[in-house]
Amino acid sequence: MKRFLGTVLVVLLLSARLLAQGNEFALARQYAANGEHDKALELYDKLFKQDPEAYYSFYLNSLFEVKKFDAAEAAAKKMVKQYPKNIKYYIALGSVYAKKGDAEKAKAVYEDLLKNLPASAPEISNLASLFYQGGNTDYAIKTFLQGRKKLGKEDLFANELITLYRYKRDKENITEEFLNFLPANPGYLAQAQYTLSTVYEDDADYDLLRTALLKRIQKAPDQTVFINMLTWMYMQQKEYDQALNQALALSRRTNSDGSDVYDLCRTLVIDEAYDTAIRGYEFIISKGKSSPWYTSAKIELIDAKNLKVTTGKYVYDDLIGLEKDYLDLLNELGRTQSTTYAMQRLARLQAFKLHKLDDAQKILEEATAIPNLRKELLASCKLDLGDVYLLNNQPWEATLLYSQVEKDNQNTNAGQDAKFRNAKFSYYTGDFEFAKGQLTVLKSATSQLIANDALNLSLLVTDNLAADSAGNALKVYARADKLIFAEQPEKAMVVLDSINVLYPDNILADDISMAKARIYIQQKNYNEAITHLKKIYTEHPTDLWADDAVYMVADIYDNQLNDKEQAKALYQKIITDYAGSLWINDARKRFRILRGDNAENL
């Protein structure tokens, strides 16, 4: 019984002591947080004496705060003497010497640890980790490098070293480390490319990579990962022909099926390097019909030509040539599931560029009749067919088809797009009240773009009906809007100019300016577009189109006229003047790119 009571008493005393320590520790941390370091030290000193292992780091840091380096040195030496096999106390002693300004003594301690480095990967990692936690990144790196030599494995600790070099922004060593690591670990190529893209800042950095890659390719010409990295590097520097040359050379050497070249060409199209993409697609096609990418490359080749023509200045004969290319393709490959995209793109060309509405309607009707099409593709073709019906004076066919797509694709972007097109159909035909009802629902659409477009159109209709309940001026404007959609700019401009003549008291000034700007952008007449857009946000800075106009001018300066300073100022204007704009996030990102922010901070 006495023994039991004695045990209980010991437990109670120990618990009380631990509770007291816990309270004092919490109080010490509070003092430190408040900047009362003398008070904190007094408590840490007491706690350290009671339990050196538990409180040594807090005690040491507290001594550093009040610059009592001799006491810190004494405490660190005590721990080294008491626990001679625990390396963390040696690192603590080294950090004391460093704090005192005695770099030589600190170095001696650290070098001694490296000299006696055990031949054990976990222990090497532990020492490097302790160095890093103590803020000594250089010795963490030295530990891993020394560990490699000790264990005789040159690719060991690669991930750890990459992380440390990235922290130091040591571009040369992180480059070398990745290039040493990738041959045995090609699956990390995409990660390496992403990491380097966040570290590299200018062409000099990519030149560093180029030099390192070329040296390795000379030594190991069969190492495909280096060729892939070189291709990526050329893409980053927008040296598109060089990038494709590397990809073609690798494809020929490995006798690949062309999939890598195909993927690269799709990226080239996104980057608007159409001529280079066309050359790449032609290479894939040259492999013959047995190539698994033959059909896709054939379609994408014509699409690249389409984009090259239609995004620049073109004449009617250019469009006729494109139409022939699509028709030749369909004659060769047939009108099947695999060529439906080509049929859809041909129809868009015929409807909106060549204005061959009957031909476009026929081919889309054929496309939508192809069995077992993917649901998304079928919906897209039906929506295009609805647009063609609308332009081809078959309005009820159009609205029935839009309604069908909406019903078959509820709660999807395609369904919401169909509902929006139905609302625009009502708007085009002057049924503004019905359009308002549908637009009200769409203002909460999951697609932010559709929701914003619905909101803008709803406000346009509501504001104009408030000023003119009959909506006479708005009906004329809607007719012009439909002509812009149909890409008939000359006719649209005539209708827009008639509005002020017919209805001089209309409130459509900024809407007319926006419509004309859209026409000029279609025609690649960017200076005229800017004139009308600037008129919107200078004369109507709080109206419906103001933030859109600012963003559109910024985008033109950025991507068409290459005036980055003007673009940056206008992106900044969106951020400061239009915080609720749909464009706020994109404007912020583009502003930071033009300001030169690192990719990790975008």
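With the numbering used here applied, the sequence shown covers 1 to 602. Cβ coordinates follow ideal geometry from the N, Cα and C atoms, glycine included.
Exposure of residue i, with buried meaning 16 or more beta-carbon neighbours within 10 Å
| i | result |
| --- | --- |
| residue 545 | buried |
| residue 375 | exposed |
| residue 344 | buried |
| residue 279 | buried |
| residue 26 | exposed |
| residue 155 | exposed |
| residue 537 | buried |
| residue 222 | exposed |
| residue 136 | buried |
| residue 469 | exposed |
| residue 82 | exposed |
| residue 232 | buried |
Given residue i as reference, the closest of the options once Cα atoms are compared
| i | options | result |
| --- | --- | --- |
| residue 556 | 389, 66, 260 and 529 | 529 |
| residue 176 | 206, 147 and 149 | 206 |
| residue 410 | 524, 446, 226 and 426 | 446 |
| residue 539 | 49, 157, 568 and 509 | 509 |
| residue 459 | 448, 69 and 435 | 435 |
| residue 377 | 318, 342, 353 and 354 | 342 |
| residue 391 | 231, 486, 123 and 266 | 486 |
| residue 569 | 516, 421 and 588 | 588 |
| residue 132 | 253, 112 and 91 | 91 |
| residue 418 | 385, 108 and 258 | 385 |
| residue 54 | 88, 368, 287 and 261 | 88 |
| residue 264 | 444, 241, 45 and 450 | 241 |
| residue 396 | 422, 408, 23 and 416 | 422 |
| residue 303 | 315, 289 and 282 | 282 |
Coil, strand or helix - residue i by DSSP
| i | result |
| --- | --- |
| residue 562 | coil |
| residue 603 | With the chain covering only 1 through 602, there is no way to say anything about residue 603. |
| residue 37 | helix |
| residue 95 | helix |
| residue 580 | coil |
| residue 411 | coil |
| residue 272 | coil |
| residue 315 | coil |
| residue 355 | coil |
| residue 437 | helix |
| residue 286 | coil |
| residue 32 | helix |
| residue 396 | helix |
| residue 470 | coil |
| residue 585 | helix |
| residue 232 | helix |
| residue 402 | helix |
| residue 348 | helix |
| residue 223 | coil |
| residue 506 | coil |
| residue 487 | coil |
Cβ-Cβ distance between residue i and residue j below 8 Å
| i | j | result |
| --- | --- | --- |
| residue 507 | residue 478 | no |
| residue 212 | residue 182 | no |
| residue 424 | residue 404 | no |
| residue 236 | residue 296 | no |
| residue 246 | residue 234 | yes |
| residue 184 | residue 151 | no |
| residue 574 | residue 551 | yes |
| residue 160 | residue 192 | no |
| residue 476 | residue 495 | yes |
| residue 28 | residue 43 | yes |
Backbone CA spacing between residue i and residue j [nearest angstrom]
| i | j | result |
| --- | --- | --- |
| residue 603 | residue 482 | The chain is shown only over 1 to 602; residue 603 falls outside these bounds and no answer can be derived. |
| residue 572 | residue 591 | 7 Å |
| residue 594 | residue 566 | 10 Å |
| residue 520 | residue 311 | 13 Å |
| residue 512 | residue 204 | 48 Å |
| residue 305 | residue 472 | 43 Å |
| residue 361 | residue 351 | 8 Å |
| residue 365 | residue 583 | 37 Å |
| residue 387 | residue 398 | 7 Å |
| residue 277 | residue 266 | 7 Å |
| residue 17 | residue 30 | Confidence at residue 17 is low in this model, with a pLDDT of 49, below 50, so its placement is unreliable and no value can be given for it. |
| residue 308 | residue 275 | 8 Å |
| residue 98 | residue 35 | 23 Å |
| residue 581 | residue 492 | 28 Å |
| residue 111 | residue 140 | 12 Å |
| residue 515 | residue 186 | 52 Å |
| residue 554 | residue 484 | 22 Å |
| residue 585 | residue 441 | 25 Å |
Residue i beta carbon near the ligand SAH (any heavy atom closer than 7 Å)
| i | result |
| --- | --- |
| residue 267 | Questions concerning the ligand SAH fall outside what the structure shown contains, since it holds no ligand whatsoever. |
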